[in-house]
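Here the protein sequences come in this chain order: A and B. Heads up, the first sequence is in our numbering, so the first residue is 1 and it goes up one at a time. Heads up, the second sequence is in our numbering, so the first residue is 1 and it goes up one at a time. Every residue, glycine too, gets a C-beta built ideally from N, C-alpha and C. As the structure is a computational prediction, the values presented were derived from the model and not from experiment. Report on the structure given below.
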Amino acid sequence: MSIDRRKMIVLGAAGAAATLSPPLLRTAAAQRGSSAAGDELPAREASWYKKLEEGRIECELCPQACQVADMERGMCGVRENRGGTYYTLVHSLACSIHTDPIEKKPLFHVLPGEKAFSFSTAGCNVECKFCQNWEISQFRPEQVQSYNLPPERLVAAARRNGARLTAATYGEPVVFWEYVRDVAIAANAVGVKPTVVSNGFIKEKPLREVVPLLSAIKVDLKSFRDEFYRKQVRGELEPVLKSLEVIKEIGVWLEIVVLLVPTLNDSAAEVRDLCSWVKSKLGPDVPVHFTRFHPTYRLTDLPPTPVASLERAWKIGRDAGLNYVYLGNVPGHPGENTICPACGEILIRRVGYRILSNRLVNGSCPDCSRSIPGVWS
Amino acid sequence: MARGRPFQCLYRPDLRGKTLKKLTRRELALMLGAGALAGSAHGKSSRSSVQPGVVGLAEAKAALGKPLGAEAARLAMSGALKTAVGEESGVEAAAALFSPRDTVGIKVNCLAGKVLSPRVELVEALVDLIAEAGVDRRRIIVFERSNRELQRAGFTIRESGPPYRCIGTNNDYDREPSTSGAIGSCFARMVSTTCSALVSFGVVKDHDLSGVSAGMKNWYGVIHNPNKYHDNGCDPYIADVARHPYIRNKLRLTVLDGVIAQCHGGPAYRQGGIFELGMVAASTDPVAADLWAWREIESERARRGMPTLEAAGRPVRFLATAAKAGLGVDDPKRLSLVIA
Numbered sequence: 001m002s003i004d005r006r007k008m009i010v011l012g013a014a015g016a017a018a019t020l021s022p023p024l025l026r027t028a029a030a031q032r033g034s035s036a037a038g039d040e041l042p043a044r045e046a047s048w049y050k051k052l053e054e055g056r057i058e059c060e061l062c063p064q065a066c067q068v069a070d071m072e073r074g075m076c077g078v079r080e081n082r083g084g085t086y087y088t089l090v091h092s093l094a095c096s097i098h099t100d101p102i103e104k105k106p107l108f109h110v111l112p113g114e115k116a117f118s119f120s121t122a123g124c125n126v127e128c129k130f131c132q133n134w135e136i137s138q139f140r141p142e143q144v145q146s147y148n149l150p151p152e153r154l155v156a157a158a159r160r161n162g163a164r165l166t167a168a169t170y171g172e173p174v175v176f177w178e179y180v181r182d183v184a185i186a187a188n189a190v191g192v193k194p195t196v197v198s199n200g201f202i203k204e205k206p207l208r209e210v211v212p213l214l215s216a217i218k219v220d221l222k223s224f225r226d227e228f229y230r231k232q233v234r235g236e237l238e239p240v241l242k243s244l245e246v247i248k249e250i251g252v253w254l255e256i257v258v259l260l261v262p263t264l265n266d267s268a269a270e271v272r273d274l275c276s277w278v279k280s281k282l283g284p285d286v287p288v289h290f291t292r293f294h295p296t297y298r299l300t301d302l303p304p305t306p307v308a309s310l311e312r313a314w315k316i317g318r319d320a321g322l323n324y325v326y327l328g329n330v331p332g333h334p335g336e337n338t339i340c341p342a343c344g345e346i347l348i349r350r351v352g353y354r355i356l357s358n359r360l361v362n363g364s365c366p367d368c369s370r371s372i373p374g375v376w377s
Numbered sequence: 001m002a003r004g005r006p007f008q009c010l011y012r013p014d015l016r017g018k019t020l021k022k023l024t025r026r027e028l029a030l031m032l033g034a035g036a037l038a039g040s041a042h043g044k045s046s047r048s049s050v051q052p053g054v055v056g057l058a059e060a061k062a063a064l065g066k067p068l069g070a071e072a073a074r075l076a077m078s079g080a081l082k083t084a085v086g087e088e089s090g091v092e093a094a095a096a097l098f099s100p101r102d103t104v105g106i107k108v109n110c111l112a113g114k115v116l117s118p119r120v121e122l123v124e125a126l127v128d129l130i131a132e133a134g135v136d137r138r139r140i141i142v143f144e145r146s147n148r149e150l151q152r153a154g155f156t157i158r159e160s161g162p163p164y165r166c167i168g169t170n171n172d173y174d175r176e177p178s179t180s181g182a183i184g185s186c187f188a189r190m191v192s193t194t195c196s197a198l199v200s201f202g203v204v205k206d207h208d209l210s211g212v213s214a215g216m217k218n219w220y221g222v223i224h225n226p227n228k229y230h231d232n233g234c235d236p237y238i239a240d241v242a243r244h245p246y247i248r249n250k251l252r253l254t255v256l257d258g259v260i261a262q263c264h265g266g267p268a269y270r271q272g273g274i275f276e277l278g279m280v281a282a283s284t285d286p287v288a289a290d291l292w293a294w295r296e297i298e299s300e301r302a303r304r305g306m307p308t309l310e311a312a313g314r315p316v317r318f319l320a321t322a323a324k325a326g327l328g329v330d331d332p333k334r335l336s337l338v339i340a
């Protein structure tokens, strides 16, 4: 029997769920949300849209601002106009669930070594040509195997699996923002910390409504050039920068990831501009992770990012005055470690997603007492 | 050949050293296969049957919600087909387009439910003509995205026939995306693998973004991510889907059900926008077929005192792009309407 990669991912997630939490899998399988093509998807009225004339609507969730006619969907593929009312088709409809180390998100300044109960639905509001999770993000909910997993059950599963965090990740949480909100409310009620991994391509109002509920958020800043956003992502730069500023203003812990794609966004000038903007607008303490690209989806004709390019970005970031610059997808590289910006000693030593040592004492350097920003307890 | 790498032409001296469009192995095999088919399998090759700019028309009148009747449907379908292809009868026209060895896929657009989807009796009339031209009925497949959409439009799901197969593609897509211009999509295996010949069977409809949804936009139903390609009036995306080798090399015919058409409020059914056009159109030129549909929609809008589609904010851009890509004729002066 042959299976495709999409099925393998879903099976892998289901298998992981079975390993980690047999009760969860039994419950989920018994209440499967959608699998057979053509089944009517469960729908819940969307929270951010306005009605237009003649049964059309305008989505007010993300800057795509899709105007959608009856029976049609927005660019995300998971929101549908049914008779002039806009619905999300993915609330509580998880297609991927897994317990990951928080380092995988990556959130390096959030409870190091702890587990994050990670989940996603189908769909995305952009189309990155280099998407690592395209088998779910670029598909519609009826095209992937999904499970009915309401917020309370999701959080209960997280606790059963010993996860102190939840993480909306893999696909794009913006497209299941109502689900993110309700999971965050349920998580906070029982002391589990909700986190999000997002592209930040979202309108300000929904962002402001949900971010205060979170413990941390990681945003992919895919480039510092609008042209890259338009050609490679089918999004725009400016709204993402605005989101970063709003998150910083709200005060929720923020980390940034920049995937360096050879020849497309890895020039020294662009990296310098990006680091300079982060320092001036967000401050030097926001961690910036430069991560390695691997060819996939529609960008299969480029090589993986050379380590030299990553190391150049690492140096540029530190030279720009950023206190926490990391490298990703290069296991064993010193760029994975957290270093005290005051005394230069290694505080957290990492290899891949593993913590080898954590010398922080109450969130401070044990050598010079410098306070290291983050969510440490 | 390394997967995913541009390759260079070795057998054309004039092209040596030039990087050509990247093709997947499946695309290459398909192109070679199509060439072989054109050269041998058809009594008359599909290419020789293409009539640029020609749209065959036949009257087919029925009130909203009323059936056309099998006999009237046969008459209309046969008339439109024979005039489109320039043959003496509908069966001969079908024989000119399809080989007995073909597996023929008829993509119907059933998004708008029973009122504004291709009429079952018209589709079955086409199936009969193709079968009478020598194609085994088990290899004539009426399809849409899902069984549910087909059933809503009045079709009966027939996994294996008889008298023909009628099934949803039901998310059976290629495993890897395939690029064509600006689009990158996984295509339904129904078009990439199963069928050797394709028919687009659409409806004459207004579309709130592309202006017109008739024969060409129907192909959005064979890619996994149509929601990604609705900005800028669906341009250049509609043309990019249609010029993908899976479609372009297999498309033999476009049929448009204009018995009941829609000039406003599409693509879903909205009562105020529909009108009794009373026509069925067929063409081997997909661009010309949509050009005719556009013309009829604009005529009805003018008759009602409505603004043109362009003035209404949804200019029909994709036809010019499709014509530039060599898919057909978008020049109204070259449009040749032949009434049966």
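One thing to note: PHE119/A has its Cβ no nearer than 8 Å to the Cβ of THR99/A. Taking all protein chains in view, the Cβ of ALA157/A is crowded by 16 or more other Cβ atoms within 10 Å, so the residue is classified as buried. One thing to note: LEU207/A has its Cβ no nearer than 8 Å to the Cβ of LEU274/A.
Within the region 155 to 186 of chain B, those residues whose Cβ lies closer than 7 Å to any Cβ of chain A are, in chain order, GLY168, ASN170, ASN171, ARG175, PRO177, THR179 and GLY184.
Using a Cβ-Cβ cut-off of 8 Å, ALA302/B does not count as an interface residue toward chain A, since no Cβ of chain A sits closer than that to its own.
In the structure shown, the three-state DSSP call for TRP376/A is coil. In terms of Cβ geometry, VAL142/B and ILE106/B form a close pair [threshold 8 Å]. Among the residues facing chain B, TYR86/A is not included, as its CB has no counterpart in that chain under 8 Å away. Flagged as an interface residue toward chain A: ASP208/B, by a C-beta distance shorter than 8 Å. Within the region 229 to 303 of chain B, the runs of beta strand (DSSP E) that reach at least 3 residues and sit entirely inside it are, in chain order, 251 to 258 and 279 to 283.
With a contact defined as Cβ atoms closer than 8 Å, GLU178/A and THR85/A miss out at about 14 Å. Rounded to the nearest whole angstrom, the CA to CA distance from ARG175/B to ASN249/B is 21 Å.
In this structure, DSSP gives CYS275/A a helical state, which the three-state scheme calls helix. Going by beta carbons, GLN262/B and LYS217/B fall outside the 8 Å limit.
Sequence-distant Cβ neighbours of CYS59/A in its own chain, meaning closer than 6 Å and more than five residues away, are TYR49, CYS66 and GLY74. Within the same chain, ASP206, GLY211, VAL212, TRP294, ILE297, GLU298, ARG301, PRO315 and VAL316 come within 8 Å of LEU309/B by CB-CB distance, once the 5 residues on both sides are set aside. Within 8 Å of the CB of GLY74/A, the CB atoms of chain B belong to ASN227, in sequence order along the chain. Judged by beta-carbon spacing, LEU214/A lies within the 8 Å limit of PRO194/A, meaning their Cβ atoms are closer than that value. Boundaries of the beta strand (DSSP E) harbouring TYR147/A: 146 to 148, taken from the DSSP string. Going by beta carbons, VAL211/A and LEU244/A fall outside the 8 Å limit. Using a CB distance cut-off of 8 Å, ALA69/A counts as an interface residue toward chain B. Selection GLY272/B, VAL280/B, THR321/B and GLY328/B evaluated against GLU54/A yields GLY272/B as nearest (Cα-Cα).
Each of ASN125/A, PRO173/A, HIS91/A and LEU107/A was checked against the Cα of PRO150/A, and the nearest Cα belongs to HIS91/A. Remark: three or more beta-carbon pairs, one from each stretch, lie closer than 8 Å, so the region 175 to 188 of chain B and the region 229 to 239 of chain B are flagged as touching. At the C-beta level, VAL54/B and ASP285/B come within 8 Å of one another.
In the DSSP assignment, GLN67/A forms a beta bridge with GLU58/A. Taking the C-beta atoms as reference points, GLY168/B is found nearer than 8 Å to GLU144/B. Within the region 99 to 122 of chain B, LEU111 and ALA112 place their CB atoms closer than 8 Å to a CB of chain A, listed in sequence order. Counting C-beta pairs closer than 8 Å gives fewer than three between the region 102 to 114 of chain A and the region 68 to 82 of chain A, which falls short of the contact rule.
Selection ALA70/B, CYS234/B, ALA239/B and ARG252/B evaluated against ASP102/B yields ARG252/B as nearest (Cα-Cα).
The C-alpha of ALA289/B lies about 18 Å from the C-alpha of CYS110/B. GLY202/B is outside the set of residues whose beta carbon lies under 8 Å from a beta carbon in chain A.
Ranked by how close their Cα comes to the Cα of THR300/A, the residues GLU87/B, THR193/B and THR179/B have THR179/B in first place. Of all alpha-carbon atoms in SER146/A, ARG298/A, LEU254/A and SER137/A, the one lying nearest the alpha-carbon of LYS105/A is that of LEU254/A. Taking all protein chains in view, the Cβ of CYS128/A is crowded by 16 or more other Cβ atoms within 10 Å, so the residue is classified as buried. Using beta-carbon distances, ALA268/B counts as an interface residue toward chain A, with a partner under 8 Å.
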